[in-house]
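Per this note's numbering, the very first residue in the sequence shown carries number 390; after that it's consecutive.
Virtual Cβ for every residue (Gly too), placed ideally from N, Cα, C.
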Amino acid sequence: MPDLSTYTGKDIQVLEGLEPVRRRPGMYIGGTGKPGLHHLLWEIVDNAVDEAVNGHASAIDVTIHKDGQSATVSDNGRGIPIDMHPERKVPTLQLILTTLHAGGKFDHTNYITSGGLHGVGASVVNALSSEMVATVRRDGNTYEQRFARGAPATKLKKVSNSTRGTGTTIFFRPDADIFETTTFDTAWIKEQLEVKTYLNRSLKIIFRDEAKGERVEFQHEGGIAEYLEALVAQREARPIHDDVFMVAQEELRDDARIEIALQWTEAPSETVKSFVNGIPTKDGGTHEQGFRDAVRSAVRAYMDTHDLLPRGLDIAAEDIREGLVAIVNLFLVDPQFQGQTKEKLNNPAARSLIVSAVRLDLEQYLNSHGSTGDAIAARVIQAAKARQASRAAARSARSKGSRNRKLNLPGKLADCSSKDPAASELFIVEGDSAGGSAKQGRDRRSQAVLPLRGKVLNAEQATVKKVQANKELSNVVQALGCGLGQDLDLSLLRYHKIILLMDADSDGHHIATLLLTFLYRYMRPLIDEGHVFIAQPPLYRLDAGKETYWALDDSDRERITRELRDRRSNIKIDVQRFKGLGEMMPKTLKETTLDPDRRRLLKVAIPDTQRTETENLISDLMGKDASARYRFIMEHAAEVEALDL
């Protein structure tokens, strides 16, 4: 135990200036990984957008420089003040960029609404950059000041007295000592910048990627209606009604204003993009809650009024929102965000504000557009029936499983003799041939084998009904015995280790990905509780003299070969590449992949910090939006050394 008597005033540290930011960057930008790095750029861009939203700027230039690790943001706004601050006796520009909570957005005199509220954004960027250069154009002059890691490197100086126009230009280079990576993702930046021009229809943003020699200009006078059309097209989700519902109210209470656009589609899930003062709120908040309340109430009222509810069918809120694509763009004078990263709105009043602005208008719209209202009602009923069918199927499976563990199991399942789930493993195997080898090589007491035929259904693109009807996925659910969806009950899980055993090639990886997508979407608790694993069968066998080595892939084979030749340069190495698990003898499969004492398993887990990223990745790579996959492939094409064809 430490000696508490030695804890005195000398142990209390006072961090001056921006040192707290450098000591604890996560408090200000959420972390030092890729999201934190890009948060620096958005802090500067959002300051420029605030100038535009409040009528002081019309164009923003964003440049990612040739090194890919520095950026410049320039606007044609009023320019940051450069006069001496009356209280601090330093140039106002220097005060803003070197002092936390110094800004012009607190009293709403200069900015009615803004995304940067705390007066910390620009100074945090300065603190976490190895260099920053601020250039201001005001009063016919150009001024410049340089900074390094939050401190002034030069004094403010006038560099030109014959300047036309006004505005601010900020160059910054993120500090490599702070961030895990300092390379900007230009494709993602470009996509997010375009979104900002949808939200601000009068704004023009020019993006430059110097490494690619690329220049793109964004301006969308169609606003969020045009954005909604783009979202629906990206998801390849056919709308069930042609007209788009819009709300645009400029004078809500408390000087708030709102824009909303929505349309129902055949997509199996909802997509709601929400923003506050131009800031994307990816974790939602009270404005999203209000929007969902309004949609639920309006649609239910329409269905009740026109007697469209089938008897005995329970309509849930999720049924009403299934297939909905919507944009909620709210402007508030005093938004309260959860954390400096502004990813969730906390204003309690925003919920009722959105409800009052949307519910009645949407209900009236449905009543005056009967064909649209009826199409939406039919979509809701379809979703409710599918959900109830899924629940009934899950309950049936659980009920049968609880009465008799052996009842209603798939015919291809080779079950284990153990009745203890904690001691039981299920190998889900690719193909009957591999299944045969696995059945012969397994430990029959504790290891069960379920062969699957071919590539299973992509659950991300299929409806609930199609997922339920798929024989291979149904066999998996029956074998596990714990149900799926909302009715999944882990206490009925028959095996506490679920091991995906596929060939060590591209087809095998694809099948494993399809199964993981299904488990993620319909049986997520299995992953969250650590029950899902991926087997690591070898792709190569290497025989060197009397010794045998197993290599997982090409790089593993090269490593083993290199180590063997380091020991004996002229050693003869015989290499055998397995075409598939079915080619392995049961004994070989057992000693390399099945035997708990010798096998290698990968546990499937989703860290709390990567849950949103995981959701986006599965949606992009496995969903119907082909453009997202194409973009991912093009971005990572250079990383592929060889294709397994």
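In this structure, what does DSSP give as the bridge partners for residue i?
i, result
"W939", "R930"
"Q965", "R930"
"M635", "A650"
"M416", "M416 is not bridged to any residue."
"K585", "Beta-bridge pairing links K585 to no other residue."
"V921", "I887"
"L734", "G674, F726"
"F607", "I594"
"D464", "I449, T557"
"E520", "R562"
"M473", "P480"
"A803", "V838"
So, using beta-carbon positions, are residue i and residue j closer together than 7 Å?
i, j, result
"V438", "V462", "no"
"L489", "P414", "no"
"V514", "Y417", "no"
"K455", "A626", "no"
"E819", "M891", "yes"
"V684", "L719", "no"
"V621", "V717", "no"
"P914", "L879", "yes"
"I594", "I469", "no"
"H630", "A764", "yes"
"D672", "K733", "yes"
"Q727", "N736", "no"
"W653", "G712", "yes"
"T571", "P563", "yes"
"F922", "K828", "no"
"L889", "I817", "yes"
"I900", "K844", "yes"
"R966", "Y929", "yes"
"L841", "E814", "no"
"Q867", "L798", "yes"
"L983", "G872", "no"
Consult DSSP for residue i and reduce its assignment to one of helix, strand or coil.
i, result
"I704", "coil"
"T481", "helix"
"P914", "helix"
"F568", "coil"
"N436", "helix"
"G971", "helix"
"R988", "coil"
"S459", "coil"
"R956", "helix"
"N530", "strand"
"E535", "Residue 535 is actually Arg in this sequence, not Glu. Strand, per DSSP."
"A540", "strand"
"P409", "helix"
"I668", "strand"
"V525", "strand"
"A775", "helix"
"Q753", "helix"
Kindly indicate the opening and closing residues of the alpha helix (DSSP H) around residue i.
i, result
"P840", "Taken as a continuous stretch (DSSP letters only), P840 belongs to no alpha helix (DSSP H), being part of the beta strand (DSSP E) at 836-841."
"S549", "No alpha helix (DSSP H) holds S549; the beta strand (DSSP E) holding it covers 546-549."
"A626", "Unbroken run through A626: none, as it is neither H nor E."
"A656", "First-last for A656: undefined, no H or E at that position."
"G510", "510-516"
"E861", "860-869"
Along the beta strand (DSSP E) that carries residue i, what are the first and last residues, could you check?
i, result
"T558", "556-563"
"F720", "713-720"
"R597", "593-598"
"T660", "660-665"
"D450", "448-453"
"I887", "886-890"
"V818", "814-819"
On the premise that residue j lies in contact with residue i, defined as a C-beta separation below 8 Å, what is that separation, rounded to the nearest angstrom?
i, j, result
"L970", "R946", "Wrong, their Cβ atoms sit about 18 Å apart, outside the cutoff."
"A523", "I559", "6 Å"
"V451", "L582", "6 Å"
"H676", "I613", "H676 to I613, Cβ: 14 Å. No contact."
"V636", "I704", "V636 to I704, Cβ: 23 Å. No contact."
"L839", "L882", "In fact, because the Cβ distance is near 14 Å, the residues do not count as touching under 8 Å."
"L375", "A706", "Past the edges of the chain, shown from 390 to 1034, lies residue 375, and the structure says nothing about it."
"G554", "D464", "So it is not a contact: roughly 11 Å between Cβ atoms."
"E752", "A690", "5 Å"
"T487", "A540", "7 Å"
Is there at least one non-hydrogen atom of the ligand SAM closer than 6 Å to the beta-carbon of residue i?
i, result
"T670", "In terms of ligand content, the structure shown is empty, and the ligand SAM therefore cannot be addressed."
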